[in-house]
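Below is one structure, written out as structure tokens; comments come after it.
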Amino acid sequence: MQIKLQNFTKRFGDTTVIEDMSLSIASGEMIALLGPSGCGKSTTLFAISGIHRIDGGSLHFGDRDVTTLPPQDRPVGVVFQNYALYPHMSVAENIGFPLRVQKLKTAEIKRRVGEMAELVQIGNLLKRRPQQLSGGQQQRVALARALVRKPDVLLLDEPLANLDAKLRLEMRSEIRRLQRETGITAILVTHDQIEAMSMCDRIALMRDGRIEQISTPSEMYERPASHYVAGFLGNPPISFVQAEANGKLILGAGNALPMPQGISARGAITIGIRPEHFGPQHQGPSVSGRVSFIEPQGREDLIDVTLPDTQRLRAIVPAGHNFALGQDVSWQVDLSRTHLFNADGARL
Amino acid sequence: MNTSLKGNWLLVLAMSLMSAPLVIMYGFQLIDSISRPAPGGIIPQEWELTNWRFLWEPIDSARPSIWRVTFNTFVFASSTALLVCAFSITAAYALSRLNFPARRFFLAGLIMLHAFPTITLIIAIFIVLQFLGLYDSLMGVILVKAALELPFGIWIMKGFYDSVPWEIEMAGVQDGASRFRVWRELILPQVKPGLLALLIFSFLAGWSEFILPLVLAPGADAQVLATYMNAVIADDTRPDYGLFKAIGMFYALPVIAIYLLFQKRLMNIYGGGTKG
Ligand SMILES: Nc1ncnc2c1ncn2[C@@H]1O[C@H](COP(=O)(O)OP(=O)(O)OP(=O)(O)O)[C@@H](O)[C@H]1O
Ligand SMILES: [Mg+2]
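If you're matching them up, the sequences are chains A and B in order.
Under my numbering, the letters of the first sequence match residues 1460 to 1807, in that order.
Under my numbering, the letters of the second sequence match residues 312 to 587, in that order.
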């Protein structure tokens, strides 16, 4: 089911949380709403689910205008951050509740609950209460309950935030598997870039109630549209250095990089260099500085190099090197993979 | 370990000392009701049940039987409790969850009424009841008592509703259920402990109410145990303290029984009802 949100505006009292936002999601696509806390991800999600009324704009599922439809009538399943299982009901009753509301026959409910439980692999837990389940199992119940009505759209609000690291990894692929198997259109709200990049077809990166960039994970990583996007994606994060563009990119005392091809800016600009594109193992123009920090990570080390004008660049260097704290180095920058931004933060 | 044990022991001792006067009073109430001390003394001389005679014979011809009065008290207390609960579970839900005009005003009013010295309203209530023709009837006192207990009940229940996560409600709505169904099937079961505690509390409040029946239903037909006792002690030229004590014991028994049975559940009201 294609989702089309047009010129969406949401206010709480006098504060406008989201203004004039448009978002279009293809049928069967899984998209991430990524952004820092308070940027309006949940608000957008709940507007699509029908829990929040839309103050301006329109929402279409396929050709159908659902802007004013109450949540009960929208073909939407939601998984909440804390799962919101009904504590006084067994797992089977939880999953069956949406069907019971639809007044299906008991036998039919039982069949579909069993089917759904198999799909999320909790067939043996149907008699338990939610309190008797682990976080991952509760998550699966919540997924089953959201999907049992066979909705056209699945909405997930930070579904992995309450899980420990190992379970998170497991549920990441599990949710993606379910989404692929059911072919459902899904929206995942998260503030974890790795979740967004690993689970979704496209990412909508949000900032202060606007979509800053929407594209595939690799496109967003490799061609961030702004300083903000570049800084949001990537772990360890990208390093930014200030430079003066004047035919060359002058990085303070002594260091300069040639202008990348096809760029003709002048004046103050910001260069973004990801740690994996800087280091002794690369080809390209070099930048010299002093090693100021080394963080071993096993397979590789993170090394900070402080330039003579106190700006820092971070590098990922394969383990087994001989660099030491305080050593003067001159390392290469993979110039074609650097990102240049103007003073307003827009990509050059 | 040792020190904590010692600390606890001291605490228990201190608390025993402090509650000793109460325990002794209750003890003597019981002993006195089934014995006769020497004149001017406190040591029981003879054991006898004459003080409890009110249970099987009318203590004098002008008074209704104790069973009639007990029944009245029970009707009064339980009707009050049911009314308070019925209104509290709905009103508190609205205050906790729905965004309606003047919600803040109602909340503020609730807190104020909760702390209001209701006895100052008694004249006004008297006039209203007289006007409605409910003066000197059990029904009238029930309505008044329930109304006066409501702010407390609503406030307590609102606390319980507030502690039920919003998401449960949103999940229910998203699962296709109406708001009413969500309330009845998903939210109400979560506040059941609070409801039970409130039911008991308002029953006990009704059971021990004295002033309202005294002023608003003074006739013999609507008499409850509290006013009955008052009449027993006030009427006689030579008050029968033994009889009075025995009736007092009889009156307190259900309260003690309820506390013993439900004390754990009653604690809920302090656990769940504290959030504003
Ligand atoms: N019911 C509400 N009333 C008033 N303001 C609200 C309400 N819900 C959200 N907001 C405000 O709207 C903004 C966006 O909230 P939202 O919950 O969408 O953020 P989010 O991106 O989901 O953040 P998080 O990652 O912390 O969940 C926040 O500034 C928040 O304070
Ligand atoms: Mg949120």
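Built from N, CA and C at the ideal position, the CB exists for glycine as well.
Top-ranked residue by Cα proximity to residue i, from the options
i              : options                        : result
residue 277/B  : 333/B, 502/B, 387/B, 492/B     : In the structure as shown, chain B begins at 312 and stops at 587. Residue 277/B is therefore absent and cannot be evaluated.
residue 1528/A : 485/B, 398/B, 356/B            : 485/B
residue 574/B  : 505/B, 487/B, 322/B            : 505/B
residue 1483/A : 1502/A, 1797/A, 1662/A         : 1662/A
residue 1538/A : 526/B, 572/B, 531/B, 479/B     : 479/B
residue 1417/A : 1715/A, 1473/A, 1695/A, 1564/A : Chain A is shown only over 1460 to 1807; residue 1417/A falls outside these bounds and no answer can be derived.
residue 1606/A : 1670/A, 1556/A, 1730/A         : 1556/A
residue 1562/A : 487/B, 529/B, 559/B            : 487/B
residue 1559/A : 552/B, 348/B, 361/B, 493/B     : 493/B
residue 1741/A : 1794/A, 1592/A, 1540/A, 1535/A : 1794/A
residue 572/B  : 541/B, 508/B, 539/B            : 508/B
residue 1735/A : 1481/A, 1620/A, 1614/A, 1797/A : 1797/A
residue 1667/A : 1697/A, 1728/A, 1501/A         : 1501/A
residue 612/B  : 342/B, 409/B, 373/B, 489/B     : Nothing about residue 612/B can be read from this structure; chain B reaches only from 312 to 587.
residue 1678/A : 1692/A, 1720/A, 1670/A         : 1692/A
residue 1680/A : 1700/A, 1704/A, 1657/A         : 1657/A
Proximal residues of chain A, C-beta to C-beta of residue i below 7 Å
i             : result
residue 479/B : 1543, 1545
residue 409/B : Within 7 Å Cβ-Cβ: nothing; residue 409/B doesn't reach chain A, min ~14 Å.
residue 454/B : Chain A residues near residue 454/B: none, gap ~34 Å exceeds 7 Å.
Where residue i meets chain A, residues with beta-carbon distance less than 9 Å
i             : result
residue 502/B : Simply none; closest approach about 11 Å.
residue 489/B : 1531, 1560
residue 497/B : 1545, 1547, 1548, 1556
Beta-carbon neighbours of residue i, restricted to chain B and to distances below 7 Å
i              : result
residue 1824/A : In the structure displayed, chain A extends from 1460 to 1807; residue 1824/A sits before or after that span and is not available.
Heavy atom of ligand 3 within 7 Å of residue i beta-carbon
i              : result
residue 1617/A : No copy of ligand 3 occurs in the structure displayed; its ligands are ligand 1 and ligand 2 alone.
Cβ-Cβ separation, residue j to residue i (assumed contact under 8 Å), whole Å
i              : j              : result
residue 1603/A : residue 1579/A : 5 Å
residue 1791/A : residue 1751/A : That pair is no contact at about 18 Å.
residue 537/B  : residue 519/B  : 7 Å
residue 1516/A : residue 1553/A : Contact flag wrong, Cβ pair sits at about 34 Å.
residue 1589/A : residue 1544/A : 4 Å
residue 1672/A : residue 1688/A : 5 Å
residue 1509/A : residue 1476/A : Contact doesn't hold; Cβ gap of about 17 Å is too wide.
residue 1709/A : residue 1715/A : 5 Å
residue 1644/A : residue 1486/A : 6 Å
residue 1712/A : residue 1768/A : 5 Å
residue 375/B  : residue 531/B  : 5 Å
residue 543/B  : residue 460/B  : In fact, because the Cβ distance is near 27 Å, the residues do not count as touching under 8 Å.
residue 1653/A : residue 1697/A : No, residue 1653/A and residue 1697/A are not in contact; Cβ-Cβ is about 15 Å, not under 8 Å.
residue 386/B  : residue 449/B  : 6 Å
Limits of the unbroken beta strand (DSSP E) element including residue i
i              : result
residue 1699/A : 1698 to 1705
residue 1536/A : 1535 to 1538
residue 1790/A : 1787 to 1792
residue 346/B  : 346 to 348
residue 1771/A : 1771 to 1777
residue 1586/A : Taken as a continuous stretch (DSSP letters only), residue 1586/A belongs to no beta strand (DSSP E), as it is neither H nor E.
residue 1604/A : From DSSP, residue 1604/A is part of no beta strand (DSSP E) but of the alpha helix (DSSP H) over 1594 to 1606.
residue 1800/A : 1798 to 1800
residue 355/B  : 355 to 358
residue 370/B  : Note, residue 370/B: premise wrong, no beta strand (DSSP E); not H, not E.
residue 1482/A : 1474 to 1484
First through last residue of the alpha helix (DSSP H) which encompasses residue i
i              : result
residue 514/B  : 503 to 518
residue 388/B  : 377 to 408
residue 1575/A : 1565 to 1578
residue 535/B  : Here residue 535/B belongs to no alpha helix (DSSP H), and DSSP marks it neither H nor E.
residue 1470/A : Not the alpha helix (DSSP H): residue 1470/A falls in the beta strand (DSSP E), residues 1462 to 1471.
residue 524/B  : 522 to 527
Neighbour list for residue i in chain B, Cβ cutoff strictly below 9 Å
i              : result
residue 1535/A : 485
residue 1510/A : 481, 484, 485
residue 1588/A : Result: empty, since nearest Cβ-Cβ is about 12 Å, beyond 9 Å.
Contacts that residue i makes with chain A (C-beta to C-beta distance below 8 Å)
i             : result
residue 476/B : 1541, 1543
Per-residue contacts from residue i into chain B (C-beta, under 8 Å)
i              : result
residue 1608/A : 486, 487
Within-8 Å CB hit, residue i to chain C
i              : result
residue 1671/A : The chain inventory of the structure shown lacks chain C, comprising the protein chains A and B.
(request) Give, in chain order, every unbroken run of the beta strand (DSSP E) that is at least 3 residues long and sits entirely within the stretch 1687 to 1753 of chain A. (result) As far as the stretch 1687 to 1753 of chain A is concerned, its whole beta strand (DSSP E) runs of at least 3 residues are 1698 to 1705, 1707 to 1710, 1714 to 1717, 1726 to 1732.
(message) Could you tell me which whole beta strand (DSSP E) segments of length 3 or greater appear in the stretch 1611 to 1693 of chain A?
(response) Assignment of beta strand (DSSP E) within the stretch 1611 to 1693 of chain A, counting only whole runs of 3 or more residues, yields 1612 to 1616, 1644 to 1649, 1661 to 1666, 1669 to 1674 in chain order.
(message) Quick check on the DSSP output: what are the complete alpha helix (DSSP H) runs of length 4 or more inside the stretch 466 to 497 of chain B, in order along the chain?
(response) Secondary structure within the stretch 466 to 497 of chain B: the alpha helix (DSSP H) runs of 4 or more consecutive residues, fully enclosed, are 477 to 485 (chain order).
(request) With a floor of 4 residues, list each alpha helix (DSSP H) that falls wholly inside the stretch 401 to 456 of chain B, ordered by position along the chain. (result) Entirely contained in the stretch 401 to 456 of chain B, the alpha helix (DSSP H) runs reaching 4 residues are, in chain order, 414 to 425, 433 to 443.
(message) Quick check on the DSSP output: what are the complete alpha helix (DSSP H) runs of length 4 or more inside the stretch 1497 to 1552 of chain A, in order along the chain?
(response) DSSP assignment within the stretch 1497 to 1552 of chain A yields the following whole alpha helix (DSSP H) runs of 4 residues or more, N-terminal first: 1500 to 1508.
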